[in-house]
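**Q** This is the structure, below, for whatever I ask next.
Residue numbers (the working numbering): -17 to 30.
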């Protein structure tokens, strides 16, 4: 069962690291250029 425990621990570490990386990506601020483009799209949609 030792091998199963090692896989379980490894899987937990992989899961934790993936969650951390994805959360960091979600927390990143969008570049100003993308913010501007989104604002232009919102304004265009509101004008319809």
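Note that the Cβ used here is the ideal one computed from N, Cα and C, for glycine as well.
Can you tell me the Cα-Cα spacing of residue 15 and residue 22, whole angstroms?
**A** Here residue 15 corresponds to residue number 33 of the chain shown, with the count starting at 1. Here residue 22 corresponds to residue number 40 of the chain shown, with the count starting at 1. The alpha-carbon atoms of residue 15 and residue 22 are separated by roughly 11 Å.
**Q** In the DSSP assignment, find the unbroken alpha helix (DSSP H) run with residue -2 in it and report its ends.
**A** Taking the first residue of the chain shown as position 1, residue -2 is located at position 16. Run containing residue -2: -16 to 9, per the alpha helix (DSSP H) assignment.
**Q** Note the first and the last residue of the continuous alpha helix (DSSP H) segment covering residue 23.
**A** In the chain shown, counting from the first residue as 1, residue 23 sits at position 41. 14 to 28 is the span of the alpha helix (DSSP H), which, as asked, contains residue 23.
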